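Chains as they are written, first to last, in my numbering: chain A, 220 to 524; chain B, 563 to 766.
Structure first, commentary second.
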Amino acid sequence: MDIRLQIKSLLSEAELYRSQGLFLEAKDKYHAASAMIHKVDKIKNKESLLKAISAKIQSLEKKEEKVKTGPASPELSEKGQDLIKNLFGENDLQKAIALAKFGQFERAIVELTPLLKDDVYRLEAGKNIIRCKLAIGSVDDAVDQYNRWDSAELFTADQLASIRKYLQSRLDQKGIEKPLPVPVGESVDNNTISNSGGIEFSMPEPEAELLDINSIGITFTSGAQKGKMVEFDVNFQSGDMLSLIISKRDKGLIDDLKDGDKLEEIQFYSPIAMFKGTAVIANKIQIDSGPKQGDFCLDLKVTST
Amino acid sequence: MAIFNLKKREIECKIVYYGPGRCGKTTNLEYIFKSYKKQVTGEMVSINTEGDRTLFFDFLPMGLGKIKGCDIRVQLYTVPGQIKYSSTRKLVLRGVDGIIFVADSLEVRREKNMTSLKDLQANLKEYGKSIFRVPLIIQHNKRDLADEGIPLMSVEQMDRDLNRQLKVPSFPGSAIKGTGVGVTLKACLMETLKSLQKEFKWAK
């Protein structure tokens, strides 16, 4: 092909890629055209052509940079946030968590705060408020929030311990040295005895704490759902105990499950890992009052992972 | 996961348009929104960023009316194609019932198509789903660019690259002109409803 035609073809290809938003591909073609022009002496307006191509490359680089450095989760309009709530969550907690998952942390906190008044959602709402505050980057705010809860009577000692463990582990991960106060009722560090020179027993290592589980997939081995894997969101977690709220309209999915049943094939989904394990149904009840009346609460004790 | 209301005989299912950045997922949805007014039941919502790139997702609700005694409602979504929005893609994919993989016919995008399909497989796997079992249709988009002398892959090559093992239905398309958009969606809906029939036995 005539070199002029080759240059023309490269430039029109580059232009098309640019119009399609394929900046990298467009840049490559402009560079190739530019290299070809450099090699040919008999081109009219060679310098101005090269200058024009160089300007196009610069403009593409600017656009590329804008895309690269653009915020991954910018704050959306209220309408956009409402859409996320409605499309990605069935209950109030799931809706608020969906906002957090899409990076709408401020609004998520607004939605989570009233859920602290709800017995069913309190713990999970609390943990997610802490998670949002940490995500916004306000570590001090998260710690202050925990301290306020510690001195109030909103959470039980167990719930507070669970939140503290979560927050402390996140602070440790971030390398922030900020020991949180231990809630009243939780056992004090054993080191007090050993440091005082008293008796020392060889104690087994504490079992690794179960990761925060967002959702699980249960593969049914019997009943109407036999062979199927059904996914459920975990509404709250306390150590190895997971609680699921299942809408009454999904009753059919859990009809065959009863207290004491062993679930041999469970897929656990956590924000950082996915793993298989087993669990036992510790409790299955139908909620008889409040906004979740008629829905089911299923408590699972994780037996192995 | 589709919602089947046995009492009202209603099914609501979720179809996701997947594919590499700038392959034409949003353009597919825009064409459907413009051209299938009877079936579209609400506004198309797009959350875009700089340069019209999809940031979170696009959403378009549709109603297909009664099929075999059941009212079928469909939610169409697109995912953001850019690599950095991996977690958003995974979120949008949750509970998917059928997928349309929009592949870019431009030769320069060959690798991106394959990377995106692998990403789809990995994300489905995390939800315990197999790419071999989920209702999936491939659309070879941007076929119109051949007229402009731009190097495109042949449909055969694209099928070899992407569909050798999957062996799912594939269609050439030009979302910007509307070619192949309807047939792709229809094929996906049929595969999805067939799969839901196996699960729920909804058809009378």
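Glycine residues also receive a C-beta, built at the ideal position from the N, C-alpha and C atoms.
None of these values were measured; they are calculated from a predicted model.
In the DSSP assignment, find the beta strand (DSSP E) that holds residue i and state where it starts and stops.
i: A/N310; result: That residue, A/N310, is in no beta strand (DSSP E); it is neither H nor E in DSSP.
i: B/N567; result: 565-567
i: B/G660; result: 660-666
i: B/N610; result: 607-610
i: A/Q486; result: 481-488
i: A/F455; result: 455-457
i: A/M460; result: 460-465
i: A/F439; result: Note, A/F439: premise wrong, no beta strand (DSSP E); not H, not E.
i: A/V521; result: 515-523
Helix, strand or coil: how does DSSP classify residue i here?
i: B/V578; result: strand
i: A/M448; result: strand
i: B/Y598; result: coil
i: A/A498; result: strand
i: A/S253; result: helix
i: B/W764; result: coil
i: A/L318; result: helix
i: B/F694; result: coil
i: B/T588; result: helix
i: A/K261; result: coil
i: B/M676; result: helix
i: B/P731; result: coil
i: B/Y639; result: strand
i: A/F242; result: helix
i: B/M752; result: helix
i: B/S716; result: coil
i: A/K477; result: coil
Taking buried to mean at least 16 other C-beta atoms within 10 Å of its own C-beta, is residue i buried or exposed?
i: B/D709; result: exposed
i: B/R722; result: exposed
i: B/G631; result: exposed
i: A/S253; result: buried
i: A/E244; result: buried
i: A/V453; result: buried
i: A/G345; result: buried
i: A/T332; result: exposed
i: B/D659; result: buried
i: A/V259; result: exposed
i: A/F487; result: buried
i: A/F451; result: buried
i: B/T677; result: exposed
i: A/K275; result: buried
i: B/F762; result: exposed
Would you kindly work out how many angstroms separate the C-alpha atoms of residue i and residue j, rounded to a whole number?
i: B/K646; j: A/A291; result: 8 angstroms
i: A/E426; j: A/R389; result: Caution applies to A/E426, whose pLDDT of 40 falls short of 50 and renders its modelled position unreliable; the value that the coordinates give is listed next. Distance between the alpha carbons of A/E426 and A/R389: 19 angstroms.
i: A/V407; j: A/P400; result: In this predicted model, A/V407 has a pLDDT of only 44, less than 50, meaning its place in the structure is not dependable enough to derive any value.
i: B/M715; j: B/E673; result: 12 angstroms
i: B/C575; j: A/R367; result: 44 angstroms
i: A/K285; j: B/I634; result: 41 angstroms
i: A/K248; j: B/L682; result: 29 angstroms
i: A/F494; j: A/D459; result: 14 angstroms
i: A/R223; j: A/K281; result: 29 angstroms
i: A/D507; j: A/D514; result: 8 angstroms
i: B/A558; j: B/F733; result: The requested residue 558 of chain B is not part of the displayed model; chain B covers only 563 to 766.
i: B/N703; j: B/D666; result: 5 angstroms
i: A/D363; j: B/T650; result: 30 angstroms
i: A/A327; j: A/S267; result: 54 angstroms
i: A/L318; j: B/I609; result: 14 angstroms
i: A/K261; j: B/Y639; result: 53 angstroms
i: B/V602; j: A/S238; result: 29 angstroms
i: A/K201; j: A/K287; result: Residue 201 of chain A is absent from the structure shown; chain A starts at 220 and stops at 524.
i: B/Q701; j: B/K760; result: 25 angstroms
i: B/R671; j: A/Y236; result: 11 angstroms
i: B/K652; j: A/F324; result: 19 angstroms
i: B/S736; j: B/G586; result: 9 angstroms
i: A/S434; j: A/G289; result: 30 angstroms
At what residues does the alpha helix (DSSP H) containing residue i begin and finish?
i: B/A708; result: Where B/A708 is concerned, there is no enclosing alpha helix (DSSP H), given that its DSSP letter is neither H nor E.
i: B/Q628; result: The sequence shown places Lys at residue 628 of chain B, not Gln. Run containing B/K628: none in the alpha helix (DSSP H); it sits in the beta strand (DSSP E), 616-629.
i: B/T650; result: 648-655
i: A/Y365; result: 358-370
i: A/A380; result: 376-392
i: A/A344; result: 341-355
Which whole-angstrom value is the C-beta distance of residue i and residue j, which I expect to be below 8 angstroms?
i: A/I382; j: A/N347; result: That belief does not hold up - the Cβ atoms of A/I382 and A/N347 are roughly 10 angstroms apart, past 8 angstroms.
i: B/D620; j: B/T588; result: 5 angstroms
i: B/L769; j: B/L698; result: Residue coverage of chain B in this structure runs from 563 to 766, which leaves residue 769 of chain B outside it and unanswerable.
Does at least one heavy atom of the ligand GTP sit under 6 angstroms from the Cβ of residue i?
i: A/S381; result: Inclusion of the ligand GTP in the displayed structure is not the case, the ligand content being empty and no account of it being possible.
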